[in-house]
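Student:
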């Protein structure tokens, strides 16, 4: 028996540094995932065309595209500020 093999780590079944699903699925991550799915359902249910005013020009585009664009901009801004924390 080598010095690295002991009775305490023989029966673990996973190598050091590897995570199981239980470790990765925290309540916060599940909540954020569900909110993201609900946001995508809301976005793709709104398929009408709408007029959007961008400072000066008025643009006609599908509502789902405008909602998806603002959601992506919000996600990028949120990720940027969380990274700086």
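Numbering (my numbering), first residue to last: 830 to 914. We treat Cβ as the ideally placed atom computed from N, Cα and C, and that holds for glycine.
1. Tell me, please, whether the segment 893-912 touches the segment 864-872 by the rule of three or more beta-carbon pairs shorter than 8 Å.
2. Name the one or two DSSP bridge partners that residue 880 has.
3. Starting from residue 855, trace the alpha helix (DSSP H) in both directions and tell me its first and last residue.
4. Would you identify the three-state DSSP class for residue 875, choosing helix, strand or coil?
5. Nearest by alpha-carbon distance to residue 877: which of 903, 867, 856 and 892 is it?
Tutor: Quick answer:
1. Output reads yes: the segment 864-872 touches the segment 893-912.
2. Reading the chain shown from its first residue, position 51 is the one you call residue 880. Answer by DSSP bridge pairing, in chain order: 889.
3. The count along the chain shown starts at 1 and reaches residue 855 at position 26. Unbroken run through residue 855: none, as it is neither H nor E.
4. Indexing the chain shown from 1 puts residue 875 at position 46. In this structure, residue 875 counts as coil in the three-state DSSP scheme.
5. As a first step, residue 877 is located in the chain shown; it is residue number 48 there, counting from the start. Checked all of 903, 867, 856 and 892; the closest Cα to residue 877 is 892.
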